[in-house]
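K.L.:
Sequential numbering from 1 applies to the sequence shown in this note's numbering.
We put the CB at the ideal spot given by N, CA and C, even for glycine.
Just so you know, these numbers come straight off a predicted model, no measurement behind them.
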Amino acid sequence: MAEIEALIHQRAEETGSRVKVIRIYSRGQIPDITPDGSLVITGSANVRADIEALPTTYIKGHVVALVTHEGLKMADLSGFTGWSLTIDETPSIWDRQTINVSLESTASHFAAHYALKQLTPTRFQIVLRDDLDPQTAKTMSADDMARTASVLHARVLSDRVSVTTDIGSWSEIVERKALSWSSIWSPEQLPVFDHVHVLANDFDHSVTFQIFRKRWPELVWERLDRPTRRRYEHRDVVIRYHADAHEASRSLFSSERGQRHLRMIALDLAAQFSPTNHMWTCNSRDEPLFNYPDRDQGAIAPGVKLSPRQQGSNRFQSINNATIIYTAKPDNTDIAMFEEIGLDPQYITDSRERETIVQFSTRTSVRDAASTATVTITVYDREQAEHLERYFLRTGYCRPTLQLVDLGFAGYVHNSTAGRPRTVRTAEQTKARDDKRREQARLRKQAQRQRQKAA
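1. What residue from Glu52, Leu179, His246, Asp88 has the CA that sits closest to glutamine 189's CA?
2. So the candidates are Ser105, Asp204, Val196, Thr106; which of them puts its Cα closest to the Cα of threonine 86?
3. Could you tell me the distance, in whole angstroms, from the CA atom of threonine 56 to the CA atom of isoleucine 93?
4. With DSSP as the reference, identify every bridge partner of glutamine 403, one or two as the case may be.
5. Answer yes or no: do serine 206 and lysine 329 have a C-beta to C-beta separation smaller than 7 Å?
6. Would you call the CB atoms of threonine 323 and leucine 269 closer than 7 Å?
7. In the DSSP assignment, find the unbroken alpha helix (DSSP H) run with aspartate 268 in it and report its ends.
8. For methionine 74, report the span of its alpha helix (DSSP H) as first-last.
9. Whose CA, out of Ile211, Ala200, Asp88, lies closest to the CA of arginine 223?
10. Could you tell me if serine 361 is buried or exposed, where buried requires 16 or more neighbouring beta carbons within 10 angstroms of its beta carbon?
11. Identify whether glutamate 386 lies in helix, strand or coil by the three-state DSSP scheme.
12. To the nearest angstrom, how far is the alpha carbon of lysine 177 from that of serine 251?
13. Evaluate valine 198 with the Cβ neighbour count: other Cβ atoms within 10 Å of its Cβ, from every protein chain shown; 16 or more gives buried, anything less gives exposed.
14. Have a look at the DSSP bridge pairing and note the partners of arginine 129.
15. Taking just the CA atoms, how far does arginine 18 sit from alanine 12?
16. Would you verify that the beta carbon of aspartate 95 is, or is not, closer than 7 Å to some beta carbon of chain D?
17. Can you find the residues in the same chain that come closer than 7 Å, C-beta to C-beta, to tryptophan 185, ignoring five residues on each side of it along the sequence?
18. Do you know how far the Cα of alanine 107 is from the Cα of isoleucine 167?
19. Per DSSP, what kind of secondary structure is alanine 328 in: helix, strand or coil?
20. By a C-beta neighbour count over all protein chains shown, 10 Å radius and 16 as the cutoff for buried, is leucine 179 buried or exposed?
21. Does the structure place the segment 366-374 close enough to the segment 203-221 that three or more beta carbon pairs sit under 8 Å?
22. Restricting to Cα atoms, I'd like to know which of Leu54, Thr164, Leu77, Glu233 is closest to isoleucine 341.
23. Suppose the cutoff is 6 Å on Cβ atoms and the five residues either side in sequence are ignored; what does the same chain contact list for methionine 337 look like?
24. Does the Cβ of leucine 404 have 16 or more other Cβ atoms within 10 Å, making it buried, or fewer, making it exposed?
25. Here's the rule I'm using: 16 or more other beta-carbon atoms within 10 Å means buried, otherwise exposed. How should threonine 15 be labelled?
26. So, isoleucine 24 versus aspartate 50, is the Cβ gap smaller than 7 Å?
27. How would you call glutamine 384, buried or exposed, if buried means at least 16 neighbouring beta carbons within 10 angstroms?
28. In angstroms with no decimal places, state the Cα-to-Cα distance between proline 293 and threonine 401.
29. So, is glutamate 353 buried or exposed, given that buried needs 16 or more other C-beta atoms within 10 angstroms?
30. Are alanine 266 and isoleucine 300 close, meaning C-beta to C-beta below 7 Å?
31. Hey, could you find the ends of the beta strand (DSSP E) serine 92 is sitting in?
32. Taking the alpha-carbon of leucine 77 as reference, which of Pro187, Pro121, Ala154, Ile357 has the nearest alpha-carbon?
33. Alpha carbon to alpha carbon, how far is glutamine 446 from tyrosine 397?
34. Using a threshold of 7 Å, state whether the C-beta atoms of isoleucine 22 and alanine 65 are closer than that.
35. Starting from isoleucine 87, follow its DSSP beta bridges and name the residues at the other end.
36. What's the call for aspartate 471, buried or exposed, on a 16-neighbour Cβ count within 10 Å?
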């Protein structure tokens, strides 16, 4: 937020405008550092209330309020007539969480505060009990014992979010030892703003957009692609991948065989890349496989370790090589939820897994307009590599090529049954797949001709 605030003030100074910038975030979420180096806990004690108060607090002048996606989803936006909304990056309007449960007292807690309303034969909506004291409902999230369920509680409190589960009775969560819930945020209040802009890569391919289009078809979206003033130099992008006959999956990475694959990839990275020109990431539970057994020896994988969802900035744009060994496939709960609302679960993989890979890859020197250095991106499987290839082809200034690096398991066939049931394609789906492959081939040939012409 501080970086964005600085840019806003810089732009205001350039244009001679006077702008007040307000930052609203949870208390303690973003601690401030004083000149003497000590931390000061700042932030809002009630994010929702502070956001909802903005239209009546700031009536005159130019005001920019910086809030998180979570804050936006919690707040009642009905009072923002005359304001404009800009959403940076694709917001996740579909969320889910699994809460581990082992005590009957936990089930009793849920039963005492929430009721279950049947929506379909297999889905139930979680709502506040009619007899629950309103003050108790408001203060629950401040209770340390209830904090694990604070996200769930915030969703239930919002009248713009529907929270559902496959639990029909609270006694079931002790038997299952878990409560899995999901929610969808409604955008029905967005039209109150004068303008709503979403600044995001491939927004119309995201899960969020697909849900918007399916459930709220009355919302009309318009692409506002604007030519950038920057001229990007052309550069080659080599996309390395290791698996040709199977895809990354949690079931594979959790198996002994899959863990051997990951360790082999880590050793290959150490042999291929310099620590000063490489960044990498993976699923958090797989990170030990990219480290030496002795913690004092550090990571096998060279370079800087970042989060898969590394925040966009120019901090790492001098790095030419990046590796992201990552999986986020849908499980059975995801699939059931998407089939219930009439969406292809494949969107989950494209948005949660492959789009994360794209975003991580663009933290490299690809974002440096003046760079002509070859960029090398390493992913796990061919599907991920081809998704990246399509993205870089669309930039117009990147010349991507695919490179299979066989470490001995490229042709290994893995049948992942957890959450990835094989489906029979209809004639229409088969045609769409074939059309997609033909378009990919056309783009590859076009890129090849451009490379030959440039040479």
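P.N.:
According to the data block:
1. Glu52
2. Per the Cα distances, Val196.
3. Looking at the two C-alpha atoms, the distance is approximately 27 Å.
4. Partner residues in the beta bridge of glutamine 403, as assigned by DSSP, are Arg240.
5. no
6. yes
7. 256-272
8. Note, methionine 74: alpha helix (DSSP H), 69-74.
9. That would be Ala200, whose Cα lies nearest to the Cα of arginine 223.
10. buried
11. helix
12. 21 Å
13. Classification for valine 198: buried.
14. Note: arginine 129 sits in no beta bridge, so no partner.
15. 6 Å
16. Protein chain content of the structure displayed is limited to a single chain, and chain D is not contained in it.
17. Lys73, Ile93, Arg160, Val161
18. 11 Å
19. coil
20. buried
21. By the Cβ test, the segment 203-221 is not in contact with the segment 366-374, since fewer than three Cβ pairs between them sit closer than 8 Å.
22. Thr164
23. Leaving aside the five residues that flank methionine 337 on each side, the residues in its chain whose CB is nearer than 6 Å to its CB run, in chain order, Ser182.
24. exposed
25. exposed
26. Yes, these two residues count as a Cβ contact at 7 Å.
27. buried
28. Inter-residue distance for proline 293 and threonine 401 is about 35 Å (C-alpha atoms, whole angstroms).
29. buried
30. yes
31. Per DSSP, serine 92 belongs to no beta strand (DSSP E) and is neither H nor E.
32. Among Pro187, Pro121, Ala154, Ile357, the Cα nearest to that of leucine 77 is on Pro187.
33. C-alpha separation (whole angstroms): 13 Å.
34. yes
35. Val198
36. Residue 471 lies beyond the residue range present for the chain, which begins at 1 and ends at 455; the question has no answer from this structure.
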